[in-house]
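Working notes, beginning with the structure itself.
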Amino acid sequence: MIKLSRISKSFGKNQVLKDITLSVEKGEVVVILGPSGSGKTTLLRCLNYLERPNDGTIAIGDYTVDCKHAGKKDIHQLRQKSAMVFQHYNLFKHKTALENVMEGLVIVQKLPKEEARKRSVEVLEKVGLGAKLDAYPSQLSGGQQQRVGIARALALNPEVILFDEPTSALDPELVGEVLDVIRKIANEGITMIVVTHEMSFAREVSNHVVFMDGGVIVEEGKPNELFGAPKEERTKQFLKRITSDWVYNI
Amino acid sequence: MQLDFSFIGTALLSLFKALPNTLLITAVSVLVGFLIGTAVALIRIYRVPVLHPIASGYVLFVRGTPMLMHLLLIYFGLPMLIDSIAGALGWGFRSTAIPLIGFVYISFSITAGAYMSEVVRAGITAVNRGQLEAAYSIGMTTPQALRRIVMPQALAVSLPNLSNNLIGMLHGSTLAFTVSVVEINAQAQIVAASNWKFLEAYIAAALLFWGMTILIERGTALLERRINNYNRGGVA
Ligand SMILES: Nc1ncnc2c1ncn2[C@@H]1O[C@H](COP(=O)(O)OP(=O)(O)OP(=O)(O)O)[C@@H](O)[C@H]1O
Ligand SMILES: [Mg+2]
Chain Y
1401 MIKLSRISKS FGKNQVLKDI TLSVEKGEVV VILGPSGSGK TTLLRCLNYL
1451 ERPNDGTIAI GDYTVDCKHA GKKDIHQLRQ KSAMVFQHYN LFKHKTALEN
1501 VMEGLVIVQK LPKEEARKRS VEVLEKVGLG AKLDAYPSQL SGGQQQRVGI
1551 ARALALNPEV ILFDEPTSAL DPELVGEVLD VIRKIANEGI TMIVVTHEMS
1601 FAREVSNHVV FMDGGVIVEE GKPNELFGAP KEERTKQFLK RITSDWVYNI
Chain C
512 MQLDFSFIGT ALLSLFKALP NTLLITAVSV LVGFLIGTAV ALIRIYRVPV
562 LHPIASGYVL FVRGTPMLMH LLLIYFGLPM LIDSIAGALG WGFRSTAIPL
612 IGFVYISFSI TAGAYMSEVV RAGITAVNRG QLEAAYSIGM TTPQALRRIV
662 MPQALAVSLP NLSNNLIGML HGSTLAFTVS VVEINAQAQI VAASNWKFLE
712 AYIAAALLFW GMTILIERGT ALLERRINNY NRGGVA
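Just so you know, the sequences run in chain order Y and C.
Number 1536 in my numbering belongs to position 136 of the first sequence; there are no gaps in the numbering.
Number 723 in my numbering belongs to position 212 of the second sequence; there are no gaps in the numbering.
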């Protein structure tokens, strides 16, 4: 279970997150929606402590961190509870697909090499890359790279996997293969928080939708509630705009 | 006056006697310099309190003054410093116990450290920030991330500059003759002293340096191809 309470984050004078409180149950697939600049990425990065919140507490599993007084050790512990899938993949470019996935298992979780290797191969097979174990990121397509990114996160068996627009840097024809993989692991009951603009995907895989705007959570609920009968005016407008964009794109 | 070709060969052979000193000076200064340079680069990138301005001052001073000056300052200054400290603390140690080549190691390591720090710093800065973030996201500590992810990529980027530095230090090692260490340059002088065929001796020395430089360049090219094999392909 994940519990964020009263998370605030400012960049200089610009307050990007304002008192965000959010609970995520084990096994939930949470989708975060919101216009550009609403703070979605920042929220995910705070969870992984790639950004340091100014205030609030983050609890993942049995570990709670008070952001104001977090020390190096807290940050390190907290980071091990979550894993991030980045918009631009951020694969270790001097390592092969297999080495990318093994790295965290061997260096962070201190698994014996053979065991780490076995698990990494399994996970890479799961994302459909069993034939690309020894390829370097530069030898893989964007969709393949992102699937390695997902495997790298998945292998660590974290409490939660954070996805920040995992398909938005991809060519349209590669989006499907990545969404398929995410759908597959969502169905396995892995807790995840996904920022995405893929509305139909969001609707289909999520069981908890959060709409953010201006650094606050405007509305949250079950997908059929939020998509079918949004309560807040801002949510309605956003959904209207994004669905019409979507229709327009087709 | 005519060039005595056969004496170039004779001189070349005797220059090999001094080769170990040249190689030692180069290797020690480059290796220690690399360690200093990496530490200084990290101190400056992470703006470590107290150490940060010291590191910047060090780089500024060393790069702003000739290498020969570093050698002379260390050669004349360090014994004074050591003897006064040893005297104050009542140690029996005297600076005369330090072999001359020791001063060369120390001063050239200091020189190389400053230049290397700039190379390493540029290499680290060239590594995409996303690489470090990915390392953090899988739970690595900063030292783990630096050692496993950032430094290998930074070194791959810096390889040509590091190699240039190595060549610079190899050529710079000739300055050691000013403090009576017999490296190739000094040996050439010694060889020529008997028959005044300085030109021939220096031609031999130049050939020797040139050969070593070519070796370094070849080695670098080979290494570069191996290290950068992850940049092949380039599908995405
Ligand atoms: N490192 C930073 N330094 C300064 N300002 C930042 C930084 N990162 C984000 N911001 C600001 O914080 C605000 C929220 O950014 P964030 O990236 O979280 O938005 P987002 O909801 O993810 O938007 P998008 O949909 O475009 O990805 C923006 O106004 C942005 O300019
Ligand atoms: Mg974003």
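Glycine included, C-beta positions come from ideal geometry on N, C-alpha and C.
Treat the numbers as computed from the prediction; the structure is a model and nothing was measured.
Under 7 Å from the C-beta of residue i: neighbouring residues of chain C
i, result
"Y/R1552", "I649"
"Y/V1527", "The contacting residues do not exist; Y/V1527 stays about 16 Å from chain C at best."
"Y/V1508", "I649, G650 and M651"
Segment limits, beta strand (DSSP E) that includes residue i
i, result
"Y/M1612", "H1608 to D1613"
"Y/L1417", "N1414 to V1424"
"Y/M1484", "S1482 to V1485"
"C/A597", "It is not in any beta strand (DSSP E) - C/A597 instead sits in the alpha helix (DSSP H) that spans M578 to L600."
"Y/D1455", "D1455 to I1460"
"Y/T1596", "Counting along the chain, Y/T1596 falls outside any beta strand (DSSP E), and DSSP gives it neither H nor E."
"Y/R1406", "I1402 to F1411"
"C/Y780", "The question about residue 780 of chain C has no answer, for chain C in this structure spans 512 to 747."
"C/L686", "Unbroken run through C/L686: none, as it is neither H nor E."
Exposed unless 16 or more other CB atoms sit within 10 angstroms - verdict on residue i
i, result
"C/P531", "exposed"
"C/Y557", "exposed"
"Y/F1563", "buried"
"Y/H1608", "buried"
"C/Q513", "exposed"
"Y/D1571", "exposed"
"Y/Y1463", "exposed"
"C/P564", "exposed"
"C/M591", "exposed"
"Y/I1650", "Any answer about Y/I1650 is weak, because its pLDDT of 45 lies below 50 and its placement is not dependable; what the coordinates show is given next. Flag for Y/I1650 reads exposed."
"C/I660", "buried"
"C/P794", "Nothing about residue 794 of chain C can be read from this structure; chain C reaches only from 512 to 747."
"C/L681", "buried"
"C/L546", "exposed"
"C/A747", "Note that C/A747 has pLDDT 38, beneath the 50 cutoff, so the model's placement of it is unreliable and the number below is only indicative. The residue in question, C/A747, is buried, as its Cβ has 16 or more Cβ neighbours within 10 Å."
"C/T549", "buried"
"Y/E1428", "buried"
Residue i: contacting residues in chain Y (beta-carbon distance under 7 Å)
i, result
"C/T652", "H1476"
"C/G641", "F1486, H1488 and N1490"
"C/E644", "L1450 and N1490"
"C/R632", "Per Cβ cutoff of 7 Å: no residues; C/R632 is ~19 Å from chain Y at best."
Residue i Cβ short of 7 Å to ligand 2 heavy atom set
i, result
"Y/V1609", "no"
"Y/V1595", "yes"
"Y/E1565", "yes"
Chain-ordered neighbours of residue i on chain C, where CB pairs are closer than 8 Å
i, result
"Y/G1504", "I649, G650 and M651"
"Y/H1608", "What Y/H1608 touches in chain C: nothing, since even the nearest Cβ is about 22 Å away."
"Y/L1556", "I649 and G650"
"Y/Q1480", "G650"
Chain-ordered chain Y contacts of residue i [CB-CB under 8 Å]
i, result
"C/A667", "H1494"
"C/Q698", "The premise fails here: C/Q698 is roughly 42 Å from chain Y at the closest Cβ pair, so nothing lies under 8 Å."
"C/Q513", "The premise fails here: C/Q513 is roughly 56 Å from chain Y at the closest Cβ pair, so nothing lies under 8 Å."
Under 9 Å from the C-beta of residue i: neighbouring residues of chain Y
i, result
"C/Q664", "F1492, K1493 and H1494"
"C/I660", "F1492, H1494, K1495 and E1503"
Limits of the unbroken alpha helix (DSSP H) element including residue i
i, result
"Y/I1617", "Note, Y/I1617: premise wrong, no alpha helix (DSSP H); beta strand (DSSP E) at V1616 to G1621."
"Y/L1711", "It is not possible to answer for residue 1711 of chain Y, since the shown part of chain Y is limited to 1401 through 1650."
"Y/M1502", "A1497 to E1503"
"Y/L1511", "Where Y/L1511 is concerned, there is no enclosing alpha helix (DSSP H), given that its DSSP letter is neither H nor E."
"Y/I1475", "K1472 to R1479"
"C/I727", "F709 to I738"
"Y/D1580", "P1572 to N1587"
"Y/I1550", "G1542 to A1555"
9 Å Cβ cut-off: residues of chain C touching residue i
i, result
"Y/A1652", "Lying outside 1401 to 1650, the shown extent of chain Y, residue 1652 of chain Y is not represented and no answer is given."
"Y/I1593", "Ordered by position in chain C, no residue passes the 9 Å Cβ test against Y/I1593, which lies about 13 Å from the chain."
Item to check | Contact shell at 5 Å, judged by CB to any heavy atom of ligand 1, ordered along the chain | outcome: The answer, residue by residue, is Y/F1411, Y/V1416, Y/S1436, Y/G1437, Y/S1438, Y/G1439, Y/K1440, Y/T1441 and Y/T1442.
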